[in-house]
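So the structure is just underneath, and the comments pick up after that.
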Ligand code: ADP
Ligand code: ADP
Ligand code: ZN
Ligand code: ZN
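Residue numbers (the UniProt record's numbering): 2 to 835.
Below you can see the structure in the form of structure tokens.
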């Protein structure tokens, strides 16, 4: 529209021309600096492509350009945003919700650098026992040789590997897998066959083998290589060797303890490491009692607590301890002056995090256990203290994971960044935040090819009259979710004595056959209850490992030594057939996994290609059309279509394969076409295009239609799953699940499924969840969106507060019952949508 393209750049404005990144349609837009600019629009409309893919990427490119020619050279290999010009662009800092925070020992304390300050406090201003020398700040860190407890090397635990942990059931023989710690499948058989060659009786119960033999199998550090004759007895092996029969191969033996240690220390696979950990017995270190530090450091106190005790408190409690001691810090001596300075600084920095609703976190909480929303707010809180100005902060849905109560605090934090002289570019769906924007950019109207245009850019009020906008109704009117008549529970599931994180001995009666929303302020215990305790307890009661990988959670639990949730399912289990968790975890960690393979629809597509006359004439079966099998895939990139380019100092990037030009296949496979398209062409279609292309194929058409209805019509079939956001991955899992049409009552568990969704997409998602309930299943969602909660059949409200002040079920019942509850902090917000 006409007012979007001014002829000259305006001072104080960022002006973008000719932006064509991803689906953006050569757009021009002007944004004010030093203001809260919010990008709205349906999922896939192009908000991120504009905010992150264009504005942030360009700012980043310019920054690196200014750094050094060397950096520039590296950066040349990375995509440059498709945009004609951007004027008035300040340097930018992105605070995205992390897709993966990597591994490592990073904690809340290290990420915020608060731990450094606390160590300095103990070093300079701690109370030392008489005659003890002052310690350096590093001596208070378990990650330094000076600080670490010398017994456990700063781990806090000692790990013991014993015969009982390695061989849980000694009545089994080796052939019956007595050595449970050994690898399964082929590698396990290999170890067994080596023992046969060495003359060990693998068919005798483990406990009847001589102790010396048992010890050798479990504890030896030798790795002998032996000839292996699979399927032969020891006598037959000896015979074969005598007659000079060559073995099938030579196998190398590894003792069980060594195998467990190596896997735990070195395996890249979280699953494997979790499995290894389950064969180790962890006991708190007797020297430091799990406090990880050497005795010297632990003798130093501040406000009566040693550093380990202080760091184990939630931030809110640390702040209270410091506030309590502050009035007494008024002496003139150097120690008191130092103490006062550090205490003031800590109080101020923690207060920012309290404002952001993070007061329930502890300094020693591992970063990998935080939700993406918590992580982003933690970084935001750290930035507020950084005293940067003139910077554009680009944020991705900062309200994710926030209860409406906490949203006001978030807005305050954002305003502090503005007041310091910065610009804010925020992609957001939350109505409360959109309503506070100084400037709105509504992108759309639809997703993918149907989006990519700027429908409106200006002060919020002006959006009211933009007909094409799918956002305006939600901002200017109260839009309730359309839901059918409320359903009554068909049965009840009783769970008793749940203990996990801040939940202590809580019991719960869960209605079945309905849609249940679990609400509560951030940190009240929703995820701990729904995604962790219920998943673990019900999964174990059903004798079923949840379909999504519980291993990650288990590994975290083992690493944090917190064990697993406890409690028991006491009634109603017979009504549930299975548990399915639909979470936001990535669905693939390599570019090999994509939408087509994940949904299983690629198998059908390959069969169609194999059935064409050309394929038949050339004897190309369905296997030839797989990029995971050697037959038809490009030998250079092995069917990935891209090759990894390692960059010094920067994350490695993927570049198109030079042999197949990114098509993944050999030329003879690409010679086969189906209705004029090659298999590579099909992989580059969007779901939307696939719906049309396969319109005449009922199974495929239905499959792609379901994915499209999950709001994912804009995704490409071959787009690597590594590029999906958490929300996209979750919706794809849901769509795949909807195609299965499960027989028997299934309990579905989802954590904040509306994350990343425009209100109009939420309407559609809600419809899909209702479909599951209509089919007789139960759906439980932990949710902040009050429209969803109000339209649910039942609400469980957790709280009343966060952390130690939460963990209870405040009220449980119909939405009206919860809205009327005086002690519920959710009630007033819920009432708006009833
Ligand atoms: P939004 O932020 O509004 O949800 P996006 O900007 O993420 O939308 O996506 C807009 C379009 O660009 C979609 O069609 C999406 O599939 C596409 N897209 C996003 N990221 C990539 C990428 N890395 N490569 C190719 N296409 C992408
Ligand atoms: P919500 O989902 O309602 O935001 P959570 O279940 O994430 O709340 O958190 C409830 C409490 O449990 C908080 O005090 C939080 O710090 C704690 N908690 C959550 N996850 C972990 C973890 N992995 N390790 C230690 N404490 C945790
Ligand atoms: Zn120790
Ligand atoms: Zn290739």
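A virtual CB, placed ideally from N, CA and C, is assigned to each residue, including glycine.
Might you give, ordered along the chain, the residues of its own chain that have their beta carbon closer than 6 Å to the beta carbon of residue i, omitting 5 neighbours on each side?
{"i": "residue 57", "result": "93, 95, 395"}
{"i": "residue 547", "result": "For residue 547, the predicted structure reports a pLDDT of 46, less than 50, and the residue's modelled location is therefore unreliable. A value from the coordinates is still provided. Taken in chain order, the residues that qualify are 536, 540, 580, 582."}
{"i": "residue 182", "result": "167, 257, 261, 280"}
{"i": "residue 527", "result": "519, 521, 783, 799"}
{"i": "residue 502", "result": "529"}
{"i": "residue 404", "result": "522, 523, 785"}
{"i": "residue 421", "result": "390"}
{"i": "residue 1", "result": "Nothing in the structure corresponds to residue 1, since the chain is present only between 2 and 835."}
{"i": "residue 499", "result": "507, 534, 568"}
{"i": "residue 380", "result": "96"}
{"i": "residue 596", "result": "716, 718"}
{"i": "residue 594", "result": "722"}
{"i": "residue 837", "result": "This structure cannot speak to residue 837, because the chain is shown only from 2 to 835."}
Taking the alpha helix (DSSP H) that residue i belongs to, which residues open and close that run?
{"i": "residue 136", "result": "Taken as a continuous stretch (DSSP letters only), residue 136 belongs to no alpha helix (DSSP H), as it is neither H nor E."}
{"i": "residue 694", "result": "688-694"}
{"i": "residue 814", "result": "Segment 809-814 is the beta strand (DSSP E) holding residue 814; no alpha helix (DSSP H) there."}
{"i": "residue 334", "result": "Element bounds for residue 334: n/a, residue is neither H nor E."}
{"i": "residue 680", "result": "680-684"}
{"i": "residue 109", "result": "109-112"}
I believe residue i touches residue j by the beta-carbon criterion, under 8 Å. Please report the beta-carbon distance rounded to the nearest angstrom.
{"i": "residue 704", "j": "residue 600", "result": "6 Å"}
{"i": "residue 90", "j": "residue 15", "result": "5 Å"}
{"i": "residue 55", "j": "residue 20", "result": "5 Å"}
{"i": "residue 795", "j": "residue 515", "result": "6 Å"}
{"i": "residue 1", "j": "residue 761", "result": "Look at the range of the chain in this structure, 2 to 835, and you will see that residue 1 is not part of it."}
{"i": "residue 566", "j": "residue 538", "result": "6 Å"}
{"i": "residue 307", "j": "residue 301", "result": "7 Å"}
{"i": "residue 38", "j": "residue 442", "result": "7 Å"}
{"i": "residue 628", "j": "residue 665", "result": "5 Å"}
Identify, in the order they occur along the chain, each residue of the same chain with its Cβ nearer than 8 Å to the Cβ of residue i, setting aside the five sequence neighbours on each side.
{"i": "residue 757", "result": "44, 398, 401, 430, 726, 727, 728, 729"}
{"i": "residue 652", "result": "Bear in mind that the predicted position of residue 652 carries a pLDDT of just 47, short of 50, making it too unreliable to give a figure here."}
{"i": "residue 352", "result": "320"}
{"i": "residue 661", "result": "635, 637, 638, 642, 667"}
{"i": "residue 706", "result": "692"}
{"i": "residue 34", "result": "13, 14, 15, 89, 91, 393, 424"}
{"i": "residue 777", "result": "491, 514, 746"}
With DSSP as the reference, identify every bridge partner of residue i, one or two as the case may be.
{"i": "residue 14", "result": "33"}
{"i": "residue 509", "result": "496"}
{"i": "residue 53", "result": "Partner(s): none; residue 53 has no beta bridge."}
{"i": "residue 88", "result": "16"}
{"i": "residue 282", "result": "161"}
{"i": "residue 46", "result": "Paired residue(s): none; residue 46 is not in a bridge."}
{"i": "residue 721", "result": "595"}
{"i": "residue 367", "result": "108"}
{"i": "residue 386", "result": "The partner list for residue 386 (beta bridge, DSSP) is empty, contrary to what the question assumes."}
For residue i, which residues in the same chain have their Cβ closer than 7 Å to its Cβ, ignoring the five residues on either side in sequence?
{"i": "residue 797", "result": "517, 519, 810, 813"}
{"i": "residue 554", "result": "Residue placement at residue 554 cannot be trusted, given a pLDDT of 45 that sits under 50; the coordinates are not used to answer."}
{"i": "residue 247", "result": "none"}
{"i": "residue 835", "result": "791, 816, 817, 820"}
{"i": "residue 102", "result": "Here residue 102 scores only 45 on pLDDT, less than 50, and its place in the model should not be relied on; the value that follows carries that caveat. Answer for residue 102: 368, 369, 376, listed in chain order."}
{"i": "residue 413", "result": "356"}
{"i": "residue 497", "result": "508, 568, 569, 571"}
Can you tell me where the beta strand (DSSP E) with residue i in it begins and where it stops?
{"i": "residue 799", "result": "795-800"}
{"i": "residue 93", "result": "93-96"}
{"i": "residue 580", "result": "579-583"}
{"i": "residue 569", "result": "567-572"}
{"i": "residue 748", "result": "747-752"}
{"i": "residue 123", "result": "Counting along the chain, residue 123 falls outside any beta strand (DSSP E), though it belongs to the alpha helix (DSSP H) covering 115-126."}
{"i": "residue 517", "result": "516-520"}
{"i": "residue 397", "result": "393-397"}
{"i": "residue 308", "result": "Counting along the chain, residue 308 falls outside any beta strand (DSSP E), though it belongs to the alpha helix (DSSP H) covering 308-312."}
Cβ-heavy atom distance between residue i and ligand 5 below 8 Å?
{"i": "residue 93", "result": "For ligand 5, the structure offers nothing, since it holds only ligand 1, ligand 2, ligand 3 and ligand 4."}
Consider the Cβ of residue i: report whether some Cβ of chain B lies at a distance smaller than 9 Å.
{"i": "residue 223", "result": "Considering every chain present, this structure includes no chain B. It has just one protein chain."}
Contiguous beta strand (DSSP E) assignments of at least 3 residues, all confined to the region 588-616: As far as the region 588-616 is concerned, it has no whole beta strand (DSSP E) run of at least 3 residues.
Ranges of the beta strand (DSSP E) found wholly within the UniProt domain "UvrA DNA-binding" (166-277), counting only runs of at least 3: Runs of beta strand (DSSP E) with 3 or more residues, each lying fully within the UniProt domain "UvrA DNA-binding" (166-277), are found at 226-229, 250-253, listed in chain order.
Please give the ranges of any alpha helix (DSSP H) in the region 414-475, keeping only runs that are unbroken, at least 4 residues long and fully inside the region. 432-435
Can you give, in chain order, each stretch of the alpha helix (DSSP H) that sits fully within the region 725-793 and has at least 4 residues? 727-741, 760-775, 787-792
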